[in-house]
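Okay, structure first, notes after.
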Amino acid sequence: MEHWGWLIAIYLFLGGLGAGAYLTSFAAEKGFLGGATNLNRVGYYVSAPIVGFGALLLVTDLGQGLRKPWLILGMFANLNSVMTWGIYIVSAFIFVALATAYFVWKKKQAPKLLTYIGAVLALSTAAYTGMLLAVVEAVPFWHSYLMPVLFVISAMSTGLALTSMLAYFFEKQQVHEERVSQLHLLLVGAEIIIIAAFFALIYFGGQGSVAIESANRIVIGSLAWPFWVLLVVGGLLGPMLIFFVQQFRRKRQKGVAQNEDMTVQVEQVTEGNPKSQGALILLDVAVIAGGLTLRCVIIFAALPVWNGFLR
Amino acid sequence: MSNNKRLSRRTVIKGGVLLGTVTAIGLMSTKALWAEQVVPPNTVPLSKKKQIGFCYDERKCIRCEMCVKICRNTYKWEEGTIWRKLLKNEKGEALSMSCNHCTDPACAKVCPVVAYTKRESDGIVIHNPARCVGCGYCLYACPYHAPRIGEKTGAVSKCHFCYKLQDAGQGPLCVGVCPTQALTMGDMTELSQKGDLNYKGLPDPKITKPNMIAIPQNQ
Chain A
68 MEHWGWLIAI YLFLGGLGAG AYLTSFAAEK GFLGGATNLN RVGYYVSAPI VGFGALLLVT
128 DLGQGLRKPW LILGMFANLN SVMTWGIYIV SAFIFVALAT AYFVWKKKQA PKLLTYIGAV
188 LALSTAAYTG MLLAVVEAVP FWHSYLMPVL FVISAMSTGL ALTSMLAYFF EKQQVHEERV
248 SQLHLLLVGA EIIIIAAFFA LIYFGGQGSV AIESANRIVI GSLAWPFWVL LVVGGLLGPM
308 LIFFVQQFRR KRQKGVAQNE DMTVQVEQVT EGNPKSQGAL ILLDVAVIAG GLTLRCVIIF
368 AALPVWNGFL R
Chain B
261 MSNNKRLSRR TVIKGGVLLG TVTAIGLMST KALWAEQVVP PNTVPLSKKK QIGFCYDERK
321 CIRCEMCVKI CRNTYKWEEG TIWRKLLKNE KGEALSMSCN HCTDPACAKV CPVVAYTKRE
381 SDGIVIHNPA RCVGCGYCLY ACPYHAPRIG EKTGAVSKCH FCYKLQDAGQ GPLCVGVCPT
441 QALTMGDMTE LSQKGDLNYK GLPDPKITKP NMIAIPQNQ
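See below:
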């Protein structure tokens with residue numbers, strides 16, 4: 068079953084990544100990521116281009132639609148199809164994200180309503196990429212309620228990682244808010260739990276033997292290497308451990324500093340350390356690579372409910 | 261000013277309301293979607309609408325594959341597409357199968373461009389290749405692998421139950437050519453009394469409610 072391959076997997080990943088980047092800047096702008104954040108612009112800038120590029124990949128994966136592009140307009144037609152929902156959501160999101168980016172670029176305050184609509188559309192974009200697969204009953208491995216949840220969490224996590232990384236390279240003001248690390252830790256932790264639940268439901272729930280066969284491909288089969296190395300260890304457990312240690316150290320240092328009444332100085336030393344910043348960038352890359360791996364293994368593990376042979 | 265002060269109560273409430281709304285919308289649509297799979301819209305009970313279907317009797321089938329050949333030769337299947345297939349296993353058992361013109365056609369539900377239509381008059385599911393963008397979504401959705409993408413055009417095509425012939429008062433070619441009447445067609449209200457498509461490893465008929473029955477050898 069290989070109608071959908073790399074292009075669709077990357078499209079689903081980019082949809083989530085762009086949506087997550089928008090949500091990160093939205094959260095930063097609204098003050099959820101601490102007072103001195105520098106994440107309030109980059110995510111807005113990159114979200115529309117990323118999702119737009121993803122949509123372009125989707126188009127190049129089309130059969131006849133690529134040769135007769137006017138047919139693509141027809142994809143707005145079936146309001147019962149999740150793919151049609153996606154076409155509406157993604158188009159609207161690209162439009163709103165571009166508008167938001169324009170305001171930020173002009174250094175004007177983007178209208179509140181616009182950013183809120185953008186945030187809802189971003190969440191919808193991320194959820195849709197999971198729903199697209201979850202509604203396919205004939206591919207038992209995909210047919211799971213947890214698929215959209217998993218994709219939304221992964222979208223937020225990769226979006227936060229990308230925005231932090233780009234802010235490090237492109238923003239003059241360098242800050243690192245503790246809240247960002249906490250959120251990173253929370254998202255990665257949530258993703259681990261959801262992935263565990265996702266596989267537990269397949270192995271112990273009622274999705275059937277074909278779903279188990281698909282899961283086996285990922286856990287012990289041909290997709291096991293990327294799954295365990297790039298996603299579980301590199302993209303989830305590794306980052307979680309480092310975020311955790313970082314939190315722990317920070318708390319201890321803070322404790323010491325408070326005793327000596329020199330909080331500010333210690334904060335500056337630990338936050339501005341280029342070595343730790345470099346490590347954080349590496350973590351961001353690992354989280355993003357994990358997100359891409361997640362989409363790829365899920366697409367490639369698809370097996371049809373019936374293999375086409377008589378038993 | 262500490263970080264926490266920046267997060268006013270108003271902001272938190274607003275964020276909460278936003279998150280709640282999104283979750284509600286998400287859950288609602290998920291529910292609606294799954295409910296739809298049980299009772300799809302536009303589906304009137306069978307008694308009110310006519311639904312025709314295929315009947316395959318393995319006891320009568322001599323595996324000549326005439327049904328496949330006449331379909332391929334008449335409709336000039338594009339490379340990569342298969343409208344009808346005679347499935348066989350190592351025990352010598354067989355099944356001649358095409359599109360099953362399902363009561364809940366998953367292909368039609370997922371197709372973004374509405375290339376599929378299910379006729380009210382007889383329940384035939386017709387695919388219009390002229391509208392098809394070739395996204396491949398229906399290939400995943402159909403549990404029977406009926407829709408396939410043509411290599412040259414990039415468009416899907418599949419069995420249409422010879423609807424033009426049927427409209428002209430004739431039967432479908434595959435049924436007409438079968439020398440032993442192993443492959444027949446009929447009204448599903450009658451056919452479903454005789455059997456179903458729960459047959460030799462085929463997918464659960466509950467998924468799309470296929471309009472075909474298969475009568476196995478040892479019955």
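Residue numbers (our numbering), protein chains in the order written: chain A, 68 to 378; chain B, 261 to 479. Ideal Cβ positions, reconstructed from N, Cα and C, are used throughout, including at glycine.
Restricting to Cα atoms, I'd like to know which of A144/A, H243/A and V203/A is closest to G102/A. H243/A
What does DSSP give as the partner residues of C315/B in its beta bridges? T444/B and I473/B
Does DSSP classify G467/B as helix, strand or coil? Looking at the sequence provided, one finds Ile at residue 467/B rather than Gly. Coil, per DSSP.
Cα-Cα separation between V126/A and P136/A, rounded to whole angstroms: Their backbone Cα atoms lie some 9 Å apart in a straight line.
Apart from the five residues just before and just after P463/B, which ones in its own chain have a Cβ nearer than 8 Å to its Cβ? The answer, listed in chain order, is P403 and Y404.
Find the nearest neighbour of V437/B within the set C359/B, C327/B and V374/B, judged by alpha-carbon distance. Closest by alpha carbon: C327/B.
Would N107/A count as contacting chain B if we go by Cβ distances under 8 Å? no
Taking L304/A as the reference, which of N147/A, Y78/A, L254/A and A86/A has the closest Cα? L254/A
Chain-ordered neighbours of R134/A on chain B, where CB pairs are closer than 7 Å: G414
CA-to-CA distance, T192/A to V157/A, given in whole angstroms: 6 Å
Sequence-distant residues of the same chain with beta carbon closer than 7 Å to A278/A, five excluded per side: Within the same chain, P207, F208 and I269 come within 7 Å of A278/A by CB-CB distance, once the 5 residues on both sides are set aside.
Using the beta-carbon of each residue, which ones in chain A are nearer than 7 Å to L399/B? H70
Relative to the C-alpha of F294/A, which residue among C363/A, A144/A and V216/A is closest? C363/A
Using DSSP bridges, identify the partner residues of L355/B. L347/B
If the criterion is Cβ atoms closer than 8 Å, does the pair G358/A and G83/A meet it? yes
Cβ atoms of P306/A and V352/A: under 8 Å apart, would you say? no
Cβ neighbours of F311/A in the same chain (closer than 8 Å, five flanking residues each side left out): L252
Contacts of V203/A in chain B (Cβ-Cβ under 7 Å): Y400 and A401
Since H251/A is in the alpha helix (DSSP H), which residue starts that stretch and which ends it? E245 to F271
In or out: A295/B buried (at least 16 other Cβ within 10 Å) or exposed? Legend: pLDDT at A295/B = 41, less than 50; position of this residue unreliable, no value from coordinates given.
If we define contact as Cβ-Cβ less than 8 Å, is P476/B a contact residue for chain A? Any Cβ of chain A closer than 8 Å to the Cβ of P476/B would place that residue at the interface, and such an atom is absent.
If you run the structure through DSSP and keep just helix, strand and coil, what is I409/B? strand
Which parts of the region 414-441 of chain B are runs of the alpha helix (DSSP H), unbroken and 4 residues or longer, counting only runs that do not cross its ends? Positions of the alpha helix (DSSP H) runs, each at least 4 residues long and wholly inside the region 414-441 of chain B, are given as 423-427 and 433-437 in order along the chain.
G72/A - DSSP class collapsed to helix/strand/coil: coil
Beta-carbon contacts of H420/B that lie in its chain and below 6 Å, excluding the five residues immediately before and after: I386
Using CA coordinates, which residue listed in V113/A, L233/A and L123/A is at the minimum distance from Y169/A? V113/A
Jot down the residue ranges of each uninterrupted beta strand (DSSP E) in the region 272-316 of chain A, minimum 3 residues, whole runs only, in chain order. none
Scan the region 357-379 of chain B for residues whose Cβ lies nearer than 7 Å to a Cβ of chain D and list them as they occur along the chain. Within the model displayed, chain D is absent; protein chains A and B are what it includes.
Element boundaries [alpha helix (DSSP H), containing V216/A]: L213 to F237
Top-ranked residue by Cα proximity to A442/B, from A366/B, T334/B, V370/B and L346/B: Among A366/B, T334/B, V370/B and L346/B, the Cα nearest to that of A442/B belongs to L346/B.
I think I255/B touches D456/B, with their Cβ atoms under 8 Å apart; what is that distance to the nearest whole Å? Given a span of 261 to 479 for chain B in the structure shown, any question on residue 255/B remains unanswerable.
Which of helix, strand or coil does DSSP assign to T341/B? coil
Please list the residues of the region 186-215 of chain A that have a C-beta atom closer than 9 Å to any C-beta atom in chain B, keeping them in chain order. A186, V187, L190, S191, A194, M198, L199, L200, A201, V202, V203, E204, A205, V206, W209, Y212 and P215
Counting C-beta neighbours from all protein chains within 10 Å, is the total for P371/A 16 or more, i.e. buried, or is it exposed? Looking at its Cβ environment, which holds 16 or more other Cβ atoms inside 10 Å, P371/A is buried.
Measuring alpha carbon to alpha carbon, tell me which residue in G273/A, S276/A, S231/A and Q240/A is nearest G345/A. S231/A
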